[in-house]
């Protein structure tokens, strides 16, 4: 018999659905304002925005969530 772990929210974090985050959503998730986000991007310390239109950019939601997770892990 193989040992199995019980399935629970603690063992199985919810999967995040990938989507394009616009700047206002990135600001809400990170707590940073536009200028700071762009400064971090320029320094290579934040995920790069992707062009999604002539005058529009967005961020990959999974890249942003991973960045947040890594930042929290550094502080632990």
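Residue numbers (our numbering): 10 to 85.
Glycine is no exception: its CB is placed at the ideal position from the N, C-alpha and C atoms.
- Message: Less than 8 Å between C-beta atoms, sequence neighbours within five positions excluded: which residues of the same chain meet that for residue 132?
- Response: Past the edges of the chain, shown from 10 to 85, lies residue 132, and the structure says nothing about it.
- Going by alpha carbons, who is nearest to residue 76 out of 34, 39, 48? Looking from the CA of residue 76, the closest CA among 34, 39, 48 belongs to 39.
- Hey, would you say residue 61 sits closer than 7 Å to residue 53, going by beta carbons? Taking a C-beta distance under 7 Å as the contact criterion, residue 61 and residue 53 do not qualify as a contact pair.
- State the Cα-Cα distance for the pair residue 80 and residue 64, rounded to the nearest angstrom. The straight-line gap from Cα to Cα measures roughly 30 Å.
- Task: Using the Cα positions of residue 47 and residue 34, report the straight-line distance between them to the nearest angstrom.
- Result: The straight-line gap separating the alpha-carbon atoms of residue 47 and residue 34 is approximately 14 Å.
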